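Enquirer: Pasting a structure below so you can have a look.
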Amino acid sequence: MSVSRGAIERVLGCPERLAPRLEAIRGIETNRPIAWEGLVRDDECEADELFSSATALGLDLHLELVALARVLELLDAPEFESGVRLSVNLSPSVVVLDAVLRILEPRASRLVVEVSELAGGPSPEVVARALEPLRHAGLLVALDHAGAGFAGLERLAILEPDVVKVDRSIVAASTRERARLIAEVTTTAAHELGAIVVAVGVERPDQLRWARDLGCDAWQGFLAHRGLGATMAGGLLERVRRGAPPAAPVVSIDADSSLALARARFGRVGLVEPDALGVVVAGRLRVGWVRYRDLADAPASSARSGREPHALGDDGVGR
2 MSVSRGAIER
12 VLGCPERLAP
22 RLEAIRGIET
32 NRPIAWEGLV
42 RDDECEADEL
52 FSSATALGLD
62 LHLELVALAR
72 VLELLDAPEF
82 ESGVRLSVNL
92 SPSVVVLDAV
102 LRILEPRASR
112 LVVEVSELAG
122 GPSPEVVARA
132 LEPLRHAGLL
142 VALDHAGAGF
152 AGLERLAILE
162 PDVVKVDRSI
172 VAASTRERAR
182 LIAEVTTTAA
192 HELGAIVVAV
202 GVERPDQLRW
212 ARDLGCDAWQ
222 GFLAHRGLGA
232 TMAGGLLERV
242 RRGAPPAAPV
252 VSIDADSSLA
262 LARARFGRVG
272 LVEPDALGVV
282 VAGRLRVGWV
292 RYRDLADAPA
302 SSARSGREPH
312 ALGDDGVGR
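As structure tokens, then:
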């Protein structure tokens with residue numbers, strides 16, 4: 002369903018309507034976040050519909066800039082205190098703009114820029130040249146939607162990304178021979194170039210096993226909201242209530258949020274009463290609801306033993 006020009010212009014005129022949220026990119030063996038992708042949500046329409054309609058109406062560049070500003074606010078969230086990176090999505094047409102490069106430069110060592118294989122605009126050579134100074138300053142580059150387009154290996158060779166994200170359409174079709182072959186070629190080429198590989202859109206345990214067997218280094222998707230057990234201990238999902246809420250929720254909270262980020266969502270709308278309600282969502286899936294008073298920090302517990310996963314950009318992960 003398309004979004005009207007008027008609705009898009011209302012978002013552009015009031016950027017606060019775009020709620021920034023985080024989705025974890027998790028190590029394939031540890032299931033713990035090695036980076037967080039920054040996304041935006043509008044309560045009145047799906048983000049995919051909003052951006053595709055903006056592109057059709059010629060408003061996409063303006064909308065991307067507004068969304069980028071909102072997502073960069075997430076760098077103040079507790080998730081990034083340990084040096085874990087924020088991954089942001091930019092089209093080739095936006096990522097080469099001088100104004101955008103100036104915005105990214107002082108944050109380069111804290112960011113991953115995801116450039117879509119599917120988006121049009123400047124050639125991979127132009128994008129690579131534009132990003133080269135920022136890469137010297139510590140920026141990591143990801144090739145998004147890998148395997149879904151026709152020029153994936155060419156873009157891979159030219160951009161030489163630090164991260165390659167296997168498209169969710171390939172993961173969804175993981176039982177099909179053609180999808181497996183595309184994924185194998187993409188993963189092999191990425192590893193030969195020194196990039197790590199992320200499987201995107203993992204929703205079922207068999208897809209996670211497929212990604213691990215393929216040799217992917219990390220994954221992201223709704224499966225993270227469906228019983229990763231200890232990796233979620235003490236977090237938001239332990240506080241979620243099921244069934245219908247007793248009243249209309251006032252905020253929408255992403256299921257990957259920390260307790261601090263969930264509390265901040267209430268704070269942004271000025272409703273921090275103990276019984277204020279928020280709906281918890283994972284993409285388009287409604288997980289449940291919480292009261293503001295449910296979000297108090299749990300008592301400190303002893304750290305888990307075992308090897309901590311690398312973050313993107315650490316030695317051995319990324320270029």
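Here the sequence shown is numbered in the working numbering, starting from 2 and rising by one per residue. Note that CB positions come from ideal geometry on N, CA and C, so glycine has one too. All values reported here derive from a predicted model rather than from experimental measurement.
Alpha carbon to alpha carbon, what distance is there between Ala36 and Trp220?
Expert: 10 Å
Enquirer: Taking the beta strand (DSSP E) that Glu38 falls in, what are its first and last residues?
Expert: Pro34 to Asp43
Enquirer: Can you check the stretch 106–164 for any alpha helix (DSSP H) of at least 4 residues that lies completely inside it and give the ranges in chain order?
Expert: 125–137 and 153–160
Enquirer: Give the single residue among Glu80, Arg6 and Arg130 whose Cα lies nearest to the Cα of Leu98.
Expert: Comparing alpha carbon positions, the residue from Glu80, Arg6 and Arg130 closest to Leu98 is Arg130.
Enquirer: The beta strand (DSSP E) with Arg27 in it runs from where to where?
Expert: Per DSSP, Arg27 belongs to the beta strand (DSSP E) from Leu19 to Gly28.
Enquirer: Grab the span of the beta strand (DSSP E) containing Ser253 for me, first residue to last.
Expert: Val252 to Asp255
Enquirer: Have a look at the DSSP bridge pairing and note the partners of Ser88.
Expert: Glu38 and Val113
Enquirer: Rounding to the nearest angstrom, what Cα-Cα distance links Leu1 and Arg292 in this structure?
Expert: Any property of residue 1 remains undetermined from this structure, which presents the chain solely from 2 to 320.
Enquirer: Indicate whether Leu112 and Arg86 have their beta-carbon atoms separated by less than 8 Å.
Expert: yes
Enquirer: Between Arg243 and the rest of its own chain, which residues show a CB-CB distance below 8 Å, the 5 nearest in sequence each way excluded?
Expert: Gly289
Enquirer: How would you call Val281, buried or exposed, if buried means at least 16 neighbouring beta carbons within 10 angstroms?
Expert: By the 10 Å Cβ count, Val281 comes out buried.
Enquirer: From the DSSP output, read off the bridge partner residues of Gln208.
Expert: DSSP lists no partner for Gln208.
Enquirer: Sort out for me which residues DSSP pairs Cys46 with in a bridge.
Expert: Cys46 is bridged to Asp43.
Enquirer: Determine the DSSP secondary structure at Glu169, reduced to helix, strand or coil.
Expert: Reading the sequence as shown, one finds Arg at residue 169 and not Glu. Reduced to three states, the DSSP call for Arg169 is helix.
Enquirer: From the DSSP output, in three-state form, read off Gly1 for me.
Expert: This structure does not reach residue 1, given that the chain is present from 2 up to 320, and the question cannot be answered.
Enquirer: Look at Leu19 and Asp43 and say whether their C-beta atoms are less than 8 Å apart.
Expert: yes
Enquirer: Going by DSSP in three states, Gly268 sits in which element: helix, strand or coil?
Expert: helix
Enquirer: Quick check: the Cα distance between Ala263 and Val89, rounded to an integer number of angstroms?
Expert: 20 Å
Enquirer: Using the beta-carbon count (16 or more within 10 Å), is Gly222 buried or exposed?
Expert: By the neighbour-count rule (16 or more Cβ atoms within 10 Å), Gly222 is buried.
Enquirer: Quick check on DSSP: helix, strand or coil for Arg243?
Expert: coil
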